[in-house]
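Quick note: the sequence shown uses numbering that gives the first Met the number 0, first residue 0, plus one each step.
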Amino acid sequence: MYRLSKLVRPGRVRYFASAHETASLNTTRRQGWFKPSLFVLGSIPLITLGLGVWQLRRLEWKLALIDEVEGRIQADPMILTSPKFTTEDALKELEYRRVLLKGKWDHAHTIFLGPKTRDNVHGYNVITPMVLDDGSKILVNRGFVSNAMRDSVAAPQEEVIIEGFVRPSAVRGRFTPDNDPSRGTWYWADVAAMSKIAGAEDAGHFLIEEIFTGHGGDAELQMRRGEPIGRTPTPDLRNMHATYAATWFSLSAATAAMFGLVVLQSRRGKGSARGRGRVFRMPSG
Numbered sequence: 000m001y002r003l004s005k006l007v008r009p010g011r012v013r014y015f016a017s018a019h020e021t022a023s024l025n026t027t028r029r030q031g032w033f034k035p036s037l038f039v040l041g042s043i044p045l046i047t048l049g050l051g052v053w054q055l056r057r058l059e060w061k062l063a064l065i066d067e068v069e070g071r072i073q074a075d076p077m078i079l080t081s082p083k084f085t086t087e088d089a090l091k092e093l094e095y096r097r098v099l100l101k102g103k104w105d106h107a108h109t110i111f112l113g114p115k116t117r118d119n120v121h122g123y124n125v126i127t128p129m130v131l132d133d134g135s136k137i138l139v140n141r142g143f144v145s146n147a148m149r150d151s152v153a154a155p156q157e158e159v160i161i162e163g164f165v166r167p168s169a170v171r172g173r174f175t176p177d178n179d180p181s182r183g184t185w186y187w188a189d190v191a192a193m194s195k196i197a198g199a200e201d202a203g204h205f206l207i208e209e210i211f212t213g214h215g216g217d218a219e220l221q222m223r224r225g226e227p228i229g230r231t232p233t234p235d236l237r238n239m240h241a242t243y244a245a246t247w248f249s250l251s252a253a254t255a256a257m258f259g260l261v262v263l264q265s266r267r268g269k270g271s272a273r274g275r276g277r278v279f280r281m282p283s284g
């Protein structure tokens with residue numbers, strides 16, 4: 000039998016745990032600092048990292064789409080003589096394609112779409128059917144007019160030639176009110192419904208957006224005259240994927256740092272508690 004004096008130093012006694020106690024202590028250590036809440040916190044950096052990578056892939060797709068659209072815009076315009084030049088299935092390949100139209104305006108079926116805003120001026124977009132040489136009609140978004148000139152919109156009677164984009168019917172936004180054709184109230188471009196009212200059923204799946212190529216002074220002069228101001232020949236494709244990716248990656252880095260700090264503090268706290276509980280002093284002598 001060993002004497003107690005050989006196992007302890009003067010003034011201090013060290014506790015020696017059995018094998019069973021050691022196993023129980025190790026289990027308690029693991030359960031002490033690891034909690035389900037840490038698992039949830041640790042998953043957040045991985046999820047946000049994945050979302051950031053997904054946004055980068057969306058960015059690549061959007062940039063390729065913008066390049067494709069810009070190529071269509073820069074191509075020579077097509078001469079459009081009939082609304083049957085395209086089917087609804089082929090419309091995606093012709094969206095943003097520049098076309099030339101020749102015909103006369105059917106002002107009796109003009110539709111005011113809005114309200115809209117241009118350069119802090121409130122107004123509407125003017126959508127008027129154009130009658131082509133074969134008697135068919137195509138809806139044309141002639142552009143923006145102010146509220147003050149809504150009842151005095153320029154209405155040329157002679158044959159005109161315009162240039163515009165091919166655009167599909169719009170999709171109603173989540174918070175956009177529904178149209179009320181019986182009252183002449185149109186909040187979004189439901190081309191099928193507009194074409195039915197205007198007698199342009201053959202072109203019920205697309206419309207033409209007239210292009211404006213002038214400068215700011217020309218636009219101001221047209222607005223005073225009540226002449227609709229068309230859209231600029233540039234794509235209006237929204238591209239926020241780089242911003243979204245940066246946001247997700249920042250959240251991933253921040254939550255990863257937070258997770259590491261919480262784990263470190265939890266382990267340090269448990270370690271300090273174990274150290275204080277295993278060594279104690281005995282009265283000397």
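Just so it is clear, CB atoms sit at the ideal spot from N, CA and C, and this is done for glycine as well.
Bear in mind that the values here come from a model prediction, so they are computed numbers and not experimental data.
query: What three-state label does DSSP hand S145 in the structure shown?; result: strand
query: Exposed or buried, which one is S4 when buried takes at least 16 other CB atoms within 10 Å?; result: In this prediction, S4 scores a pLDDT of 45, lower than 50, which makes its location untrustworthy; the coordinate-derived value is nonetheless stated afterwards. Label assigned to S4: exposed.
query: Pick helix, strand or coil for M239, following the three-state DSSP scheme.; result: coil
query: When the Cα atoms are used, what is the spatial distance from I110 to H214?; result: 26 Å
query: From the DSSP secondary-structure annotation, give me the bridge partner or partners of V165.; result: I207
query: What's the gap between the Cα of L79 and the Cα of K91?; result: 17 Å
query: Please say whether E209 and G229 have beta carbons closer to each other than 9 Å?; result: yes
query: Nearest by alpha-carbon distance to H121: which of S249, R149, P167 and F38 is it?; result: R149
query: For S135, tell me which candidate among K101, P114, G163 and S145 has the shortest Cα-Cα distance.; result: K101
query: Where does P35 fall in DSSP's three states?; result: helix
query: Rounded to whole angstroms, what is the Cα-Cα separation between M257 and K61?; result: 33 Å
query: Please report the distance separating the alpha-carbon of L138 from that of K195.; result: 11 Å
query: When the Cα atoms are used, what is the spatial distance from A252 to S151?; result: 58 Å
query: Does DSSP put F111 in a helix, in a strand, or in coil?; result: strand
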